[in-house]
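Note sheet for the following structure.
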Amino acid sequence: MIRTICSSLSSGALFALTAAVSQAAIIESEPNNTPATADAIAIGAVPYADAGVLTLNAGGVDVFSVDLSLGDVLVANATGLKGLPLGSNPDVVLGIFDSAETLVAFDDDAGLEYGASIGYVIPSTGLYYVAVSGYDGDLSYPTLGDSFATANMFDGGHPESGSYLLALSVTPSVPEPVATLLLIGGLVPALRRVR
Ligand SMILES: [Ca+2]
Ligand SMILES: [Ca+2]
Ligand SMILES: [Ca+2]
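Numbering-wise, the sequence shown is residues -24 to -1, 1 to 171 according to mature numbering (1 follows the signal peptide of the UniProt record, and there is no 0).
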């Protein structure tokens, strides 16, 4: 099926399509187990949304760094793809760490099945880390304020492994249509005053 589609495209179009697809996916490069070895994700202009199919290794963590601005709404979802029902395996967890590598948000199972989901409003402009790890079975979650080095579930002790979907989005704190209305609401009275 893929070959049929490709044969109908010129090499230039195929290159453009390949480039567009590769730029649109979150990718990782192991080892990315710590903030120091994180894979950088370029957010660019907001609103932003992207996703990638990645691999969690037993004992491993996948860490991604993102530059975010005050008021940005970061939403991260991780969903296990190894078994059915979707999200049940691997049992992933998500952590958001700030530039000091301090845990500021954590989730285990708010996503699909044992998938993880976090929505976090960025309190100050800077670098943040999105970390995907596995549930380690000891019934003890990390505490907000923990450092990456000491946060339980991110210490390399979990048995979970397999492919998972990571989806990230970043939106401004005030939705654009609302911001536009506010701008018009401010401009129209001003113009009337000028007249
Ligand atoms: Ca990985
Ligand atoms: Ca990793
Ligand atoms: Ca989980």
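Idealized CB from N, CA, C, for every residue including glycine. Please read all numbers here as calculations on a predicted model, not as lab measurements.
Distance cut-off 7 angstroms: valine 29 Cβ against heavy atoms of ligand 2: Locating residue 29 in the sequence shown gives position 53, counting from the first residue. Not under cutoff, so the answer is no.
Cβ-heavy atom distance, glutamate 77 to ligand 1, below 7 angstroms: Translated into positions along the sequence shown, residue 77 becomes position 101. False, no ligand heavy atom lies under 7 angstroms from that Cβ.
Option nearest serine 123 by Cα separation, candidates Ala21, Phe82, Val97, Asp15: On the sequence shown, position 147 is the one that residue 123 refers to. Nearest option by C-alpha distance: Phe82.
Coarse secondary structure for alanine 92, derived from DSSP in three states: Taking the first residue of the sequence shown as 1, we reach residue 92 at position 116. In the structure shown, alanine 92 sits in a strand (DSSP, three-state: E or B).
Exercise answer, beta-carbon shell around ligand 3 heavy atoms below 7 angstroms: Any residue whose Cβ sits closer than 7 angstroms to a heavy atom of ligand 3 makes the list: Asp67, Val68, Val69, Asp84, Asp85, Tyr90, Gly91, Ala92, Tyr111.
Near ligand 1: glutamate 136 beta-carbon under 7 angstroms from a heavy atom: The residue given as residue 136 occupies position 160 in the sequence shown. Not one heavy atom of ligand 1 sits closer than 7 angstroms to the Cβ of glutamate 136.
Beta-carbon spacing of aspartate 31, serine 109 below 8 angstroms: One-based indexing of the sequence shown puts residue 31 at position 55. One-based indexing of the sequence shown puts residue 109 at position 133. The amino acid at residue 31 is misidentified as aspartate; the sequence shows threonine. No, the pair does not count as a contact, with Cβ atoms beyond the cut-off.
Proximity test, asparagine 33 beta-carbon vs ligand 1 heavy atom, cut-off 7 angstroms: For this step, residue 33 is matched to residue 57 along the sequence shown. Checking every heavy atom of ligand 1 against the Cβ of asparagine 33, one is found closer than 7 angstroms.
Option in Ala92, Ser64, Val69, Ile98 with minimal Cα separation from valine 80: Within the sequence shown, residue 80 is the residue found at index 104, counting from 1. Closest by alpha carbon: Ile98.
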